Amino acid sequence: MLLTVGGMALWLGLSDATLSYVRAWLRLPLAASGVVLLVLALATLRWGSGKDEEPAGHDHGHVAGGPRSAWLLVVPVLVLLLVAPPALGSYAASRRAPGTGGDSTGDFPALPEAVGGAVPLPVSEFVSRALYDRRQSLAGVRVRMLGFVTPSDKPGEGYRLARFNFFCCAADAAAYEVAVRGDSTPRRADQWLLVEGRWLPEPVATATAPSTRRPVLMVDSVTPVDPPADRYEHNLYAF
Amino acid sequence: MGATQHGPRLVDARLLLLLIVVAAGSRGLVSGLFDDPALQTWSTIFVSITIQALPFLVLGVLLSGAVAALVPPGWLARALPRRTTLAVPVAGLAGAALPGCECASVPIAARLRDRGVSTAAAFAFMLAAPAINPVVLVTTAVAFPGRPQMVVARFLGSLLTSVGVGLLWIRFGRETWIGRSRVRTVEGENRWQSFGATVREDFLQAGGWLVVGAAAAASLQVFVPRSLLDLVAGNELLAAGCLGLLAVALAICSEADAFVAASLRQFSLSARLVFLVVGPALDVKLIAMHAGIFGRRFALRFAPLTFGVAAASALLVGRWLL
Numbered sequence: 005m006l007l008t009v010g011g012m013a014l015w016l017g018l019s020d021a022t023l024s025y026v027r028a029w030l031r032l033p034l035a036a037s038g039v040v041l042l043v044l045a046l047a048t049l050r051w052g053s054g055k056d057e058e059p060a061g062h063d064h065g066h067v068a069g070g071p072r073s074a075w076l077l078v079v080p081v082l083v084l085l086l087v088a089p090p091a092l093g094s095y096a097a098s099r100r101a102p103g104t105g106g107d108s109t110g111d112f113p114a115l116p117e118a119v120g121g122a123v124p125l126p127v128s129e130f131v132s133r134a135l136y137d138r139r140q141s142l143a144g145v146r147v148r149m150l151g152f153v154t155p156s157d158k159p160g161e162g163y164r165l166a167r168f169n170f171f172c173c174a175a176d177a178a179a180y181e182v183a184v185r186g187d188s189t190p191r192r193a194d195q196w197l198l199v200e201g202r203w204l205p206e207p208v209a210t211a212t213a214p215s216t217r218r219p220v221l222m223v224d225s226v227t228p229v230d231p232p233a234d235r236y237e238h239n240l241y242a243f
Numbered sequence: 082m083g084a085t086q087h088g089p090r091l092v093d094a095r096l097l098l099l100l101i102v103v104a105a106g107s108r109g110l111v112s113g114l115f116d117d118p119a120l121q122t123w124s125t126i127f128v129s130i131t132i133q134a135l136p137f138l139v140l141g142v143l144l145s146g147a148v149a150a151l152v153p154p155g156w157l158a159r160a161l162p163r164r165t166t167l168a169v170p171v172a173g174l175a176g177a178a179l180p181g182c183e184c185a186s187v188p189i190a191a192r193l194r195d196r197g198v199s200t201a202a203a204f205a206f207m208l209a210a211p212a213i214n215p216v217v218l219v220t221t222a223v224a225f226p227g228r229p230q231m232v233v234a235r236f237l238g239s240l241l242t243s244v245g246v247g248l249l250w251i252r253f254g255r256e257t258w259i260g261r262s263r264v265r266t267v268e269g270e271n272r273w274q275s276f277g278a279t280v281r282e283d284f285l286q287a288g289g290w291l292v293v294g295a296a297a298a299a300s301l302q303v304f305v306p307r308s309l310l311d312l313v314a315g316n317e318l319l320a321a322g323c324l325g326l327l328a329v330a331l332a333i334c335s336e337a338d339a340f341v342a343a344s345l346r347q348f349s350l351s352a353r354l355v356f357l358v359v360g361p362a363l364d365v366k367l368i369a370m371h372a373g374i375f376g377r378r379f380a381l382r383f384a385p386l387t388f389g390v391a392a393a394s395a396l397l398v399g400r401w402l403l
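Heads up: the protein sequence lines correspond to chains A and B, in order.
Residue numbers for the first sequence follow this note's numbering, so the first one is 5 and each next one is one higher.
Residue numbers for the second sequence follow this note's numbering, so the first one is 82 and each next one is one higher.
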């Protein structure tokens with residue numbers, strides 16, 4: 005069992021597939037854990053698992069080689085192998101309330117420099133600025149964003165551009181969504197697009213009137229692209 | 082020893098290998114079966130929680146193995162104050178030294194107890210370590226910029242929870258609830274063999290229950306719509322209770338829960354503090370590990386106790402500081 009889990013951990017630590025589930029900095033600890041487990045497994049094979057002193061009262065749940073519950077460890081390995089779950093996509097995005105960006109009460113820093121005529125911004129930063137920046141730094145600025153298509157649940161609204169953002173692992177991911185207007189081409193759910201356009205200004209939300217609206221982007225350029233290696237954003241956090 | 086011990090183990094290993102090979106080989110054949118987006122989302126979350134926890138669990142069992150095999154017996158009990166009521170707060174504060182996921186703290190607490198630390202002090206450590214270590218405090222500061230009182234409140238709330246549960250255990254707890262010790266004592270030919278064998282034991286045991294908890298958390302995330310929350314945000318007490326339950330259901334790592342709490346803008350800071358204090362102390366992942374390592378009877382009693390103390394501590398500290 006240790007060999008299996010250790011092998012899985014090592015492989016995950018070394019491959020890009022992990023980025024669907026956790027952040028890049030976990031890869032080294034994962035690989036290291038994999039090595040530890042593999043070493044332990046080899047040591048057990050070489051030297052045996054030691055004699056067990058049965059505690060007072062007799063023991064039910066153990067079979068030779070380890071506690072029975074250890075079998076459960078095979079489940080994630082099987083899930084990885086059989087299902088090969090992808091990064092979170094439009095299904096998950098449609099099930100959750102949209103992310104509203106941390107709890108910033110201060111002002112936003114200056115926008116980054118424009119590249120090729122548009123300011124490249126992560127979707128989550130665009131949403132945070134659109135909803136909460138009192139100085140409306142986005143007004144009149146042409147921005148470029150990368151995200152995947154999530155169908156809208158409001159009829160006639162077209163689609164939304166979404167991106168997940170998490171700090172620890174996919175379990176705490178929040179979906180940031182932008183309502184896209186001005187693109188009449190039908191788009192598939194989960195298709196990745198590079199869009200350029202301008203924000204449609206709306207009044208800024210305040211701490212006492214938090215917003216669950218999705219900011220609107222009027223687009224004039226939409227390009228289907230391949231998904232990036234890391235499909236999530238992590239920029240809202242300093243590290 | 083000899084044939085009888087190796088026999089069953091090799092059978093298990095061969096069965097496992099067969100399972101893995103069949104799974105890897107049939108991927109092409111069954112890929113259509115697993116296309117349902119709900120299943121895929123569930124799988125992503127399940128795998129994420131497991132993978133994220135894995136390195137911390139390994140770290141935790143390395144430490145618990147060290148406690149069991151490398152630390153001289155009795156040393157730990159002597160290092161803590163003799164009077165249990167004093168040992169509890171000391172053990173709680175000592176929790177600040179162990180950065181990492183809450184999964185690491187359960188096997189460590191089990192081994193500490195096994196090595197002579199009083200049960201109450203071991204639990205105090207177990208509850209405090211995931212909540213008051215530097216990594217968690219820093220991430221809380223980052224997630225709530227301009228509100229340092231959240232960091233202080235979280236620290237105090239969690240410390241109060243761990244000490245409170247420890248002291249309540251001294252008064253009301255009974256060793257019989259833990260039933261037979263599920264912590265196997267493994268003796269090897271030398272200390273290093275004991276160490277290795279203990280690490281292996283603890284990992285296999287805790288890891289299995291981690292999988293159960295991850296599956297529960299993934300199910301709750303996928304099948305319970307979060308829009309339910311908006312309904313309760315208005316009522317203070319109801320909001321606190323709901324966020325507490327949410328913290329238990331979501332099983333988010335204590336390093337990340339500050340960001341999730343920050344995003345729950347429709348709730349008051351006090352209600353969000355309940356989320357932050359309950360989360361590292363109790364969640365489905367931890368409940369599964371408590372049940373696996375300390376017994377189901379124990380988990381049934383410990384869970385509501387911890388929930389109550391954590392929620393009460395958070396509300397108290399919130400009223401005072403926030």
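No residue lacks a Cβ here, since even glycine has one placed at the ideal position from N, Cα and C.
If you're wondering where the values come from, they're calculated on a predicted model, not measured in any experiment.
Residue-chain proximity (residue i, chain B), Cβ-Cβ < 7 Å
i	result
residue 77 of chain A	yes
residue 176 of chain A	yes
residue 107 of chain A	Reliability of the predicted coordinates at residue 107 of chain A is poor, the pLDDT of 48 falling under 50, and the value obtained from them is presented with this limitation in mind. Answer yes: the Cβ-Cβ gap between residue 107 of chain A and chain B drops below 7 Å somewhere.
residue 180 of chain A	no
residue 232 of chain A	no
residue 47 of chain A	yes
residue 135 of chain A	no
residue 143 of chain A	no
residue 13 of chain A	yes
residue 115 of chain A	no
Strand pairing of residue i, partner residues [DSSP]
i	result
residue 225 of chain A	A/200
residue 173 of chain A	A/26
residue 166 of chain A	A/152 and A/181
residue 237 of chain A	A/169
residue 146 of chain A	A/202
residue 123 of chain A	A/147
residue 355 of chain B	Note: residue 355 of chain B sits in no beta bridge, so no partner.
residue 220 of chain A	A/183
Beta carbon proximity, residue i to chain A, threshold 7 Å
i	result
residue 118 of chain B	yes
residue 84 of chain B	Since pLDDT at residue 84 of chain B reaches only 38, below the 50 mark, its modelled position is unreliable, and no value is offered.
residue 136 of chain B	yes
residue 390 of chain B	no
residue 207 of chain B	no
residue 36 of chain B	The displayed coordinates of chain B run from 82 to 403. Any statement about residue 36 of chain B would go beyond what the structure contains.
residue 341 of chain B	yes
residue 376 of chain B	no
residue 412 of chain B	An answer regarding residue 412 of chain B cannot be provided, because it is not within the stretch 82 to 403 covered by chain B.
residue 213 of chain B	no
Chain-ordered neighbours of residue i on chain A, where CB pairs are closer than 9 Å
i	result
residue 336 of chain B	171 and 172
residue 290 of chain B	73 and 76
Residues near residue i by beta carbon distance below 7 Å, same chain, minus five either side
i	result
residue 302 of chain B	126 and 331
residue 244 of chain B	169, 170, 173 and 205
residue 326 of chain B	none
residue 133 of chain A	112, 141 and 142
residue 164 of chain A	154, 156, 181, 182, 183, 184 and 218
residue 304 of chain B	none
Closer than 7 Å at the beta carbon, the chain B residues around residue i
i	result
residue 89 of chain A	121, 124, 125 and 128
residue 96 of chain A	122
residue 37 of chain A	135, 136 and 139
residue 51 of chain A	274
residue 16 of chain A	132
Neighbourhood of residue i by C-beta, 6 Å cutoff - its chain only, sequence neighbours within 5 removed
i	result
residue 364 of chain B	329 and 332
residue 93 of chain A	194
residue 395 of chain B	238, 354, 355 and 358
residue 241 of chain B	394
Chain-order list of residues whose beta-carbon lies under 8 Å from that of residue i (same chain, five-residue window excluded)
i	result
residue 147 of chain A	122, 123, 124, 125, 130, 200, 201, 202, 203 and 221
residue 31 of chain A	16, 17, 18 and 22
Residues that residue i contacts on chain A, provided the C-beta gap is smaller than 7 Å
i	result
residue 104 of chain B	82, 85 and 86
Bounding residues of the alpha helix (DSSP H) (the contiguous stretch that carries residue i)
i	result
residue 323 of chain B	317-331
residue 281 of chain B	272-304
residue 368 of chain B	365-375
residue 117 of chain B	Run containing residue 117 of chain B: none; DSSP gives neither H nor E here.
residue 195 of chain B	186-195
residue 204 of chain B	200-213
residue 32 of chain A	31-51
Neighbouring residues, chain B, relative to residue i (Cβ below 8 Å)
i	result
residue 25 of chain A	125, 128, 129, 132 and 133
residue 41 of chain A	139 and 284
Contact list for residue i against chain B, beta-carbon separation under 9 Å
i	result
residue 33 of chain A	135, 136, 137, 139 and 140
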